[in-house]
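*Asks:*
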Amino acid sequence: MSDIAPVPAAPHTAVIIPAAGRGVRLGPGIPKALRLLNGVPILVHAVRAMAAARSVATVIVVAPPDGAEGVRALLDEHPLPRPVALHVVPGGTTRQESVRLGLAALPADADVVLVHDAARPLVPVDTTEAVAAAVRDGAPAVVPALPVTDTVKQIAAPAREGEPVPVTGTPDRALLRAVQTPQGFAPDALLDAHRRLAGLGGEEGATDDAGMVERLGLPVVLVPGHEEAFKVTRPLDLVLAEAVLARRRITDGY
Ligand SMILES: Nc1ccn([C@@H]2O[C@H](COP(=O)(O)OP(=O)(O)OP(=O)(O)O)[C@@H](O)[C@H]2O)c(=O)n1
Ligand SMILES: C[C@](O)(CO)[C@H](O)COP(=O)(O)O
């Protein structure tokens, strides 16, 4: 019998980056993930942000459905801050379908899976590490979040933007949080949510990945998000992102 303790396997965080959206709210043009921020595609910023985290060993980019080869070539042109295994797969027509297609490429030995919007290119590495660490410490689902600063009104039914609409209530904003990505999961929790809910109508209305896991009745915990992890959704967000990068160039030499 050997008295040598087995060497624990190194942590393996795999990241899925859904990048298959068109970016309709940003306005006409090429898919949002390929638009430039300081001369570099938004997607490249997002991949670099994920690869900067020390536990991240695999990054799976979910490309626009007809654009996987072009995205692969684009990523090969841009160096990453650390070596990672990089995969590119074609995405689907909804965000959840794209995430599911990314999950199909998940390595079997991953102990944490993060899902990170390509549209959040500036998330700081500490936020990513905090989410991954909380999953590794035993939480099945972890979400970075910030307090809500606007007062939020409830309306009775979805309405077109710009249309006057009656208010039905004002939720207590102290009980609300705005959630960001990367969201982190024990791989089985997210895989199980997709196996059980996808295609059965169970994913309808789930606008984030943790929402899928919540529907299985599993606990989801929040950790502090970061204001620079904002989502590039509308044109003004691009202006803000350029300003953040300009400040980082001055303060961090980045
Ligand atoms: N079919 C889709 C739709 C969205 N996404 C990704 O999900 C993330 C968050 O979505 P969002 O910001 O809403 O992006 P879009 O769907 O592109 O935006 P819009 O709704 O304005 O078209 C983005 O990185 C986007 O590329 C995806 O991979 N596949
Ligand atoms: C996942 C997400 O970024 C969390 O805030 C958000 O729900 C994505 O929503 P979108 O409508 O696809 O922008």
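So for the sequence shown, the numbering used here puts the first residue at 836; every next one is plus one.
Note that CB positions come from ideal geometry on N, CA and C, so glycine has one too.
Being a predicted model, the structure only gives us computed values, none of them experimental.
I need the boundaries of the alpha helix (DSSP H) containing residue 907, first residue and last residue.
*Replies:* As a working note, residue 907 is residue 72 in the sequence shown. Segment 903-912, the alpha helix (DSSP H) holding residue 907.
*Asks:* Helix, strand or coil: how does DSSP classify residue 853 here?
*Replies:* Reading the sequence shown from its first residue, position 18 is the one you call residue 853. Here residue 853 sits in strand by DSSP.
*Asks:* Taking 8 Å as the cut-off, is the beta-carbon of residue 984 closer than that to any non-hydrogen atom of ligand 2?
*Replies:* In the sequence shown, counting from the first residue as 1, residue 984 sits at position 149. The answer is no for residue 984.
*Asks:* Does the region 848-865 come into contact with the region 875-894, if we say contact requires no fewer than three beta-carbon pairs (one atom in each stretch) closer than 8 Å?
*Replies:* Yes: at least three Cβ pairs fall under 8 Å.
*Asks:* In or out: residue 877 buried (at least 16 other Cβ within 10 Å) or exposed?
*Replies:* The sequence position of residue 877 within the sequence shown is 42, counting from 1. Result: buried.
*Asks:* Can you tell me whether residue 955 is buried or exposed, with buried defined as 16 or more other CB within 10 angstroms of its CB?
*Replies:* In the sequence shown, counting from the first residue as 1, residue 955 sits at position 120. When all chains shown are included, residue 955 counts as buried.
*Asks:* Report the partner residues of residue 1012 according to the DSSP bridge assignment.
*Replies:* For the purposes of this step, residue 1012 is identified with residue 177 of the sequence shown, where counting begins at 1. DSSP output for residue 1012 lists 982 as bridge partner(s).
*Asks:* With a cut-off of 8 Å on the beta carbons, I'd call residue 1160 and residue 1073 a contact; round off their distance for me.
*Replies:* The displayed coordinates of the chain run from 836 to 1089. Any statement about residue 1160 would go beyond what the structure contains.
*Asks:* Assign residue 937 to one of three DSSP states: helix, strand, or coil.
*Replies:* Here the question's residue 937 lines up with position 102 in the sequence shown. Correct three-state label for residue 937: helix.
*Asks:* Applying the criterion that 16 or more other CB atoms from any shown protein chain within 10 Å of the CB defines a buried residue, is residue 889 buried or exposed?
*Replies:* Within the sequence shown, numbered from 1, the residue matching residue 889 stands at position 54. It counts as exposed.
*Asks:* With a cut-off of 8 Å, do at least 3 Cβ pairs link the region 969-984 to the region 1048-1068?
*Replies:* Yes, the region 969-984 touches the region 1048-1068.
*Asks:* Less than 8 Å between the CB of residue 1014 and some heavy atom of ligand 2, yes or no?
*Replies:* For the purposes of this step, residue 1014 is identified with residue 179 of the sequence shown, where counting begins at 1. The answer is yes for residue 1014.
*Asks:* Quick one: using the 10 Å Cβ neighbour count with 16 as the cut-off for buried, is residue 913 buried or exposed?
*Replies:* By one-based count along the sequence shown, residue 913 stands at place 78. With fewer than 16 other Cβ atoms within 10 Å, it is exposed.
*Asks:* Within the same chain, show all residues whose beta-carbon is closer than 8 Å to that of residue 986, passing over the 5 residues directly before and after it, in chain order.
*Replies:* For the purposes of this step, residue 986 is identified with residue 151 of the sequence shown, where counting begins at 1. Excluding positions up to five away in sequence, the list reads 1005 and 1008.
*Asks:* Could you round the C-beta distance between residue 1069 and residue 860 to whole angstroms and report it? I think they count as a contact, below 8 Å.
*Replies:* As a first step, residue 1069 is located in the sequence shown; it is residue number 234 there, counting from the start. As a first step, residue 860 is located in the sequence shown; it is residue number 25 there, counting from the start. Residue 1069 to residue 860, Cβ: 5 Å. Contact.
*Asks:* Hey, would you say residue 1019 sits closer than 9 Å to residue 948, going by beta carbons?
*Replies:* For the purposes of this step, residue 1019 is taken as the residue at position 184 of the sequence shown. For the purposes of this step, residue 948 is taken as the residue at position 113 of the sequence shown. Yes; because the gap between Cβ atoms is below 9 Å, this pair is in contact.
*Asks:* For residue 943, which of 1066, 1064, 1071 and 1021 has the nearest alpha-carbon?
*Replies:* The residue labelled residue 943 in the question sits at position 108 within the sequence shown. Of 1066, 1064, 1071 and 1021, the residue nearest in Cα terms is 1021.
*Asks:* Measuring from the CB of residue 935, is there a heavy atom of ligand 2 at a distance below 8 Å?
*Replies:* Within the sequence shown, the letter at position 100 stands for residue 935. No.
*Asks:* Looking only at its own chain, which residues have a Cβ that is under 8 Å from the Cβ of residue 989, when we skip the five neighbours before and after it?
*Replies:* Within the sequence shown, the letter at position 154 stands for residue 989. Excluding positions up to five away in sequence, the list reads 1002, 1003, 1004, 1005 and 1006.
*Asks:* Of all the options 937, 842, 862 and 839, which has the alpha carbon lying nearest to the alpha carbon of residue 1067?
*Replies:* Here the question's residue 1067 lines up with position 232 in the sequence shown. Nearest C-alpha to residue 1067: 862.
*Asks:* Would you report the Cα separation of residue 1012 and residue 963, rounded to the nearest angstrom?
*Replies:* Reading the sequence shown from its first residue, position 177 is the one you call residue 1012. Reading the sequence shown from its first residue, position 128 is the one you call residue 963. Taking the straight line from one Cα to the other gives about 18 Å.
*Asks:* Do the CB positions of residue 887 and residue 868 come within less than 9 Å of each other?
*Replies:* Taking the sequence shown and counting its residues from 1, the one referred to as residue 887 is at position 52. Taking the sequence shown and counting its residues from 1, the one referred to as residue 868 is at position 33. Not a contact, by the Cβ cut-off of 9 Å.
*Asks:* State the CB to CB distance for the pair residue 958 and residue 1064, rounded to an integer number of angstroms; the pair is presumed to be in contact (CB under 8 Å).
*Replies:* Taking the first residue of the sequence shown as position 1, residue 958 is located at position 123. Taking the first residue of the sequence shown as position 1, residue 1064 is located at position 229. Contact flag correct, Cβ pair sits at about 4 Å.
*Asks:* What's the gap between the Cα of residue 1042 and the Cα of residue 839?
*Replies:* Residue mapping note: residue 1042 aligns to position 207 of the sequence shown, counting from 1. Residue mapping note: residue 839 aligns to position 4 of the sequence shown, counting from 1. Approximately 48 Å between the Cα atoms of the pair.
*Asks:* On the premise that residue 924 lies in contact with residue 898, defined as a C-beta separation below 8 Å, what is that separation, rounded to the nearest angstrom?
*Replies:* If you number the sequence shown from 1, residue 898 lands on position 63. If you number the sequence shown from 1, residue 924 lands on position 89. The Cβ separation is near 7 Å, so the contact holds.
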